[in-house]
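In the numbering used here, the protein residues as written are 1 to 174.
Just so it is clear, CB atoms sit at the ideal spot from N, CA and C, and this is done for glycine as well.
Keep in mind it's a predicted model, so treat the numbers as computed, not measured.
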Amino acid sequence: MDFYEVVRTRRSVRRYRPDRIPQETLERVLDAARIAPSGSNRQPTRLIVVQDEETKQKLVPMCHDQGFIATAPVVVVACGRDIKYNRGGWMGRYSMVVDVAIAVDHLTLAARAEGLGTCWIGSFDNEALKKFFRLPEDVDVVALTPLGYPDGEPFTGPEGRIPLADFVYWESWR
């Protein structure tokens, strides 16, 4: 699939078929996240792949009752280790969040290229998830995404996006 078609048609998917994702497909998608760039190549991102039905159900209340999460065959929990490195002045510890976000974006685009749906989940209880997954103190959850084959045809062109002329400013802020 053409890269720009992947970007143009990636959408948040909230309905999934129960079909199992072949291991080689899953590993390609996960590897796309692994090879994502990170500041100074510090690679703070780690992924927890959840396939167990009971575990997926336990995630729902920690994700503010977004029940659709548990309907996908896989849930990916993207974590980041606080690298204690300020590579961007005011960015401070947020540099880890940016690095993990880049990896998750790679994952979502690779998933789309494989015909899989994702939905970036940013509404969750970090402390509850940290305890549930027994994360080290210096590791936080940055995002979660269900991963699976969409139920229906969600891969359409962009709708409701502002025009490029309102999005891009040339040389300075208007």
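Cut-off 7 Å between Cβ atoms - residues of its own chain near residue i, not counting five sequence neighbours on either side
| i | result |
| --- | --- |
| D125 | M62 |
| T9 | R112, F155, T156 and G157 |
| G67 | V60 |
Between the CA atoms of residue j and residue i - distance to the nearest angstrom
| i | j | result |
| --- | --- | --- |
| G152 | R15 | 8 Å |
| T108 | C119 | 8 Å |
| I69 | E24 | 22 Å |
| V50 | L144 | 10 Å |
| R20 | P73 | 6 Å |
| H64 | W170 | 40 Å |
| L129 | G115 | 28 Å |
| L135 | V100 | 16 Å |
| N41 | V6 | 26 Å |
| E159 | D166 | 15 Å |
| K131 | V141 | 11 Å |
Three-way DSSP call (helix, strand, coil) for residue i in this model
| i | result |
| --- | --- |
| R28 | helix |
| T118 | strand |
| S12 | strand |
| S40 | helix |
| G157 | coil |
| M91 | helix |
Nearest to residue i (by Cα), restricted to the options the options
| i | options | result |
| --- | --- | --- |
| S38 | A143, I48, T156 and R81 | R81 |
| Y94 | L129, T45 and Q51 | T45 |
| A103 | V13, V77 and R161 | V77 |
| L147 | K131, I48, L129 and G160 | I48 |
| Q43 | A72, K84, V74 and A70 | K84 |
| V139 | G160, D105, M96 and G122 | M96 |
| H106 | L30, K131, R17 and T71 | L30 |
| G117 | L129, P150, L135 and R17 | P150 |
| T71 | A128, L26 and K56 | K56 |
| G122 | S12, E5, D2 and V7 | S12 |
| V75 | N41, F3 and D52 | D52 |
| R34 | G89, F132 and A110 | A110 |
Residue i - containing alpha helix (DSSP H), residue span
| i | result |
| --- | --- |
| V74 | Run containing V74: none in the alpha helix (DSSP H); it sits in the beta strand (DSSP E), V74 to R81. |
| P61 | E53 to M62 |
| D166 | L164 to F167 |
| A111 | Y94 to A113 |
| V142 | Element bounds for V142: not the alpha helix (DSSP H) but the beta strand (DSSP E), V139 to G148. |
| L47 | First-last for L47: T45 to V50, but that is the beta strand (DSSP E), not the alpha helix (DSSP H). |
| A70 | Where A70 is concerned, there is no enclosing alpha helix (DSSP H), given that its DSSP letter is neither H nor E. |
| K84 | Segment: none, K84 is in no alpha helix (DSSP H) and carries neither H nor E. |
| E127 | N126 to F133 |
Heavy atom of the ligand ATP within 6 Å of residue i beta-carbon
| i | result |
| --- | --- |
| R42 | Judged by which ligands are present, the structure shown has none, so any question about the ligand ATP falls away. |
Chain-order list of residues whose beta-carbon lies under 6 Å from that of residue i (same chain, five-residue window excluded)
| i | result |
| --- | --- |
| R17 | Y149 and D151 |
| E137 | none |
| E27 | none |
| P22 | none |
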